[in-house]
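J.: One structure is given below, represented as structure tokens, and several questions about it will come after.
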Amino acid sequence: MHYDSIIIGAGLSGLTCALLLARSGRRVLVLEQHSRPAPVVRGFRRDGIYFDSGFHYAGGLGDGGPLQPLLRHLGLEDKLQLFPYAADGFDRLRVASSGEEYLLPVGFNNIRRYLGEKFPLARSEIALYLDEIVSQWRNFPYLDLNADLADFGMETVHGCSLRERLEVFSAWPELQSLLSMHSLLYGVPPEWAPLTLNAQVAGSYYHSVHGIVGGGRRLVDALLELLAEAGVDIRCNVAVSQVLVGEEAVSGVRLQSGDEFPAREVIATLNPTQLPGLLPASGLRPAYLKRLKNLRQTSSAYIVFASSRQSLEFLRGRNLFVQPRAGVFNLRADQPLEERSFYLAGADQGRDGAIRGLIGIVPAHYEEVSSWQTPEPGRPEGYAAWKTGISDRLLQMFKKRCPQLSELELLELATPLTLRDYSRAPEGAIYGVGRWLGQYNPQPATRLPGLFLSGQAVTAPGLLGTMVAGYLTCGTILGHEHLRGELRACR
Ligand SMILES: Cc1cc2nc3c(=O)[nH]c(=O)nc-3n(C[C@H](O)[C@H](O)[C@H](O)COP(=O)(O)OP(=O)(O)OC[C@H]3O[C@@H](n4cnc5c(N)ncnc54)[C@H](O)[C@@H]3O)c2cc1C
């Protein structure tokens with residue numbers, strides 16, 4: 015079979031690209047190193063509970079939300095059943111040192127009102143800050159269908175950091191916590207996170223917040239149904255080891271098995287620091303390859319999956335961020351485990367009935383696990399016992415900070431090694447390459463004809479970031495005006 019386009023990686027970005035290219039009439043093949051498509055988001059079941067692994071909730075899907083036209087255009091809208099998060103507080107913050115709780119209601123005006131009441135002396139500065147978020151959050155290719163695409167990304171290179179912008183609230187450390195806790199959703203510490211990136215990610219949640227009934231698994235299944243209808247071939251358990259380059263352009267890919275697939279386009283959605291290793295020396299300029307290799311990764315994490323005998327009603331339609339002390343959110347894992355900030359979500363919330371599963375995400379450093387890495391699959395002796403020790407400490411911390419979690423039982427712990435194996439992100443970076451202030455993230459087009467990049471590194475993580483990445487890359491191939499025209503008709 016001869017393919018027009020080969021996509022490396024069956025994550026959300028790769029599957030979005032595959033659908034758009036197949037609908038444009040191309041024969042498309044997706045190659046995935048893992049045993050199943052979309053390993054990061056497909057979740058898993060333990061003890062009769064479905065746990066999401068890489069998708070819990072999404073912003074910008076409500077009425078008039080910028081993701082709606084994309085879902086409609088892809089054909090996902092009719093296949094997914096969304097459910098809204100709690101309007102009076104979709105995300106809450108608990109400051110452990112004081113025991114105080116704060117929340118974020120859904121909607122910019124509601125947030126403005128709530129924060130103004132909680133922090134009356136900061137009211138005018140809060141209004142200015144939120145105005146800035148409102149003016150920036152949709153300023154993203156394919157969310158604003160008229161945005162100038164030429165300069166995309168520059169504001170995240172040269173802008174101001176989230177921490178710098180929040181200095182104005184230094185008399186209200188709880189407010190700083192609330193406005194910076196979403197850095198956990200893009201994995202770049204507030205001192206390095208461009209304000210624009212925070213506006214794009216947090217702003218989408220300020221606008222509207224939804225989950226998907228059936229979670230990430232349903233999202234993946236819906237995409238796979240659409241891809242099957244569009245005639246896309248997907249092969250799993252196949253790692254691409256080389257991008258083949260002909261006279262002057264890409265000519266296909268070689269797999270680790272030695273099999274080759276010719277194609278005139280290759281779209282790489284893998285962690286872009288891995289791409290130089292797949293290219294022949296003559297493929298691209300050394301300076302560009304060096305830039306790709308040196309892109310900074312996002313933080314890593316431990317992810318706890320536990321069951322609870324009590325229903326976790328306090329997490330229904332609400333996530334909980336816990337910080338030991340108030341102040342700008344500390345995403346670095348530079349304190350002992352028990353002193354770190356963390357995030358809690360209830361599992362499988364889209365259905366009626368008790369919430370029996372807990373998902374907890376705690377920032378971690380790769381160095382904490384690097385001594386357990388081996389070149390071969392599998393883990394060395396002693397790793398399981400070490401993991402049990404970490405799990406016990408994490409469960410104790412959750413129980414101490416949240417008395418509602420007194421009846422937890424551990425089912426699984428994902429470590430930075432697990433994250434590395436699922437996505438091949440170096441050092442188990444939770445969202446792959448991040449957008450760090452001062453860093454030029456790659457654009458979809460490369461100087462090698464036929465080679466394109468897509469994925470969260472090109473835009474931002476999350477459903478929003480990866481769908482936009484798919485459109486941005488396919489717009490580069492098919493013509494932005496063509497794709498944007500189709501999306502305008504879906505508004
Ligand atoms: C714990 C966690 C929680 C999250 N929560 C949310 C959330 O609540 N809401 C939200 O919107 N987003 C969330 N995200 C983010 C979201 O899951 C990611 O941004 C998204 O899945 C990234 O998609 P991608 O296609 O860009 O990258 P990936 O999913 O990493 O896709 C790249 C694919 O390439 C494959 N690959 C790599 N190398 C090769 C090779 N050589 N050959 C073949 N295949 C290869 C990898 O196996 C991988 O499947 C979360 C992520 C994590 C990890």
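Positions 15 to 505 (my numbering) are the ones given, in order, by the sequence shown.
Here a beta-carbon is modelled for each residue, glycine too, at the ideal position from N, C-alpha and C.
CB of GLN214 to nearest heavy atom of ligand 1: below 7 Å?
T.: No.
J.: Would the stretch 336 to 346 and the stretch 183 to 197 be scored as touching if the rule is three or more Cβ pairs under 8 Å?
T.: Yes: at least three Cβ pairs fall under 8 Å.
J.: Taking one C-beta from the stretch 258 to 265 and one from the stretch 275 to 286 each time, how about it: are there three or more such pairs within less than 8 Å?
T.: Touching, per the Cβ criterion.
J.: Within a Cβ cutoff of 7 Å, which residues of the same chain sit near GLY19, ignoring the five residues on either side of it in sequence?
T.: Rather than Gly, the amino acid found at residue 19 in this sequence is Ser. Here the set comprises LEU35, ARG40, VAL42, ALA277, GLU279 and ILE281.
J.: Would you call the CB atoms of LEU84 and TYR485 closer than 8 Å?
T.: Yes; because the gap between Cβ atoms is below 8 Å, this pair is in contact.
J.: Once the 5 residues before and after SER325 are set aside, which same chain residues still bring their CB inside 6 Å of it?
T.: Counting only Cβ-Cβ distances below 6 Å, and skipping sequence neighbours, we find ALA368 and ILE369.
J.: Based on Cα-Cα distance, which residue from ILE125, VAL202, LEU372 and LEU33 lies nearest to HIS221?
T.: HIS221 has its Cα closest to that of ILE125, out of ILE125, VAL202, LEU372 and LEU33.
J.: Rank LEU462, GLN337, PRO463 and GLY448 by C-alpha distance to the C-alpha of PRO203 and give the top, closest one.
T.: Taking only the C-alpha atoms, the option nearest PRO203 is GLY448.
J.: Could you tell me if LYS414 is buried or exposed, where buried requires 16 or more neighbouring beta carbons within 10 angstroms of its beta carbon?
T.: Answer is exposed; the Cβ neighbour count stays below 16.
J.: So, with DSSP's three-state summary, where would you put ASP145?
T.: In the structure shown, ASP145 sits in a helix (DSSP, three-state: H, G or I).
J.: Taking 7 Å as the cut-off, is the CB of VAL54 close to at least one heavy atom of ligand 1?
T.: Yes, Cβ of VAL54 sits closer than 7 Å to a heavy atom of ligand 1.
J.: Does ligand 3 have a heavy atom nearer than 7 Å to the CB of ASP105?
T.: With respect to ligand 3, the structure offers nothing, as its ligand set consists of ligand 1.
J.: Pick out the complete beta strand (DSSP E) segments inside the stretch 286 to 365, 3 residues or longer, and give them in chain order.
T.: Whole beta strand (DSSP E) segments, 3+ residues: 314 to 322, 333 to 337 and 356 to 360.
J.: Using DSSP bridges, identify the partner residues of GLY371.
T.: Paired residues: SER321.
J.: Going along the chain, which unbroken runs of the alpha helix (DSSP H) with 4 or more residues stay wholly within the stretch 181 to 242?
T.: Listed in chain order, they are 187 to 194 and 209 to 221.
J.: If you draw a straight line from the alpha carbon of HIS48 to that of ARG249, how long is it in whole angstroms?
T.: Approximately 9 Å between the Cα atoms of the pair.
J.: Would you say GLN311 lies against chain E (beta-carbon separation less than 8 Å)?
T.: Absent from the structure is chain E; it holds one protein chain and no more.
J.: List the residues that DSSP assigns as beta-bridge partners of GLN256.
T.: DSSP lists ARG268 as partners of GLN256.
J.: Give the list of continuous alpha helix (DSSP H) stretches no shorter than 4 residues that lie fully inside the stretch 415 to 440.
T.: You should have 430 to 437.
J.: Where does the unbroken beta strand (DSSP E) through ARG108 begin, and where does it stop?
T.: First-last of the beta strand (DSSP E) with ARG108: 105 to 109.
J.: Compare the C-alpha of LEU467 against each of HIS16, ALA428, SER27 and TYR17 and name the closest.
T.: That would be SER27, whose Cα lies nearest to the Cα of LEU467.
J.: I believe GLU115 touches ARG106 by the beta-carbon criterion, under 8 Å. Please report the beta-carbon distance rounded to the nearest angstrom.
T.: Confirmed, Cβ separation roughly 6 Å.
J.: With DSSP collapsed to three states, give me the class of SER384.
T.: Looking at SER384 - three-state DSSP - the assignment turns out to be helix.
J.: So within the stretch 444 to 491, which uninterrupted beta strand (DSSP E) runs reach at least 3 residues, ignoring any that extend past its ends?
T.: Correct list: 465 to 467.
J.: Shortest alpha-carbon distance to PHE69 belongs to which of ASN285, GLU441, GLY374 and LEU351?
T.: Ranking ASN285, GLU441, GLY374 and LEU351 by Cα distance to PHE69 puts GLY374 first.
J.: Under 8 Å, do GLY371 and PHE319 count as touching if we go by C-beta distance?
T.: Yes, these two residues count as a Cβ contact at 8 Å.
J.: Could you give the first and the last residue of the continuous beta strand (DSSP E) run that contains SER38?
T.: No beta strand (DSSP E) holds SER38; DSSP gives it neither H nor E.
J.: If the criterion is Cβ atoms closer than 8 Å, does the pair PRO377 and ARG407 meet it?
T.: Contact: no.
J.: Once DSSP output is grouped into helix, strand and coil, what is the label at LEU159?
T.: Three-state result, LEU159: coil.
J.: Tell me, to the nearest whole angstrom, how far the beta carbon of ALA244 is from that of LEU33; I am working on the premise that it is less than 8 Å.
T.: Right, the Cβ-Cβ distance comes to about 6 Å (below 8 Å), so this counts as a contact.
J.: Assign ASN333 to one of two classes, buried (16 or more other C-beta atoms within 10 Å of its C-beta) or exposed (fewer than that).
T.: Classification of ASN333: buried, given that the 10 Å Cβ count is 16 or more.
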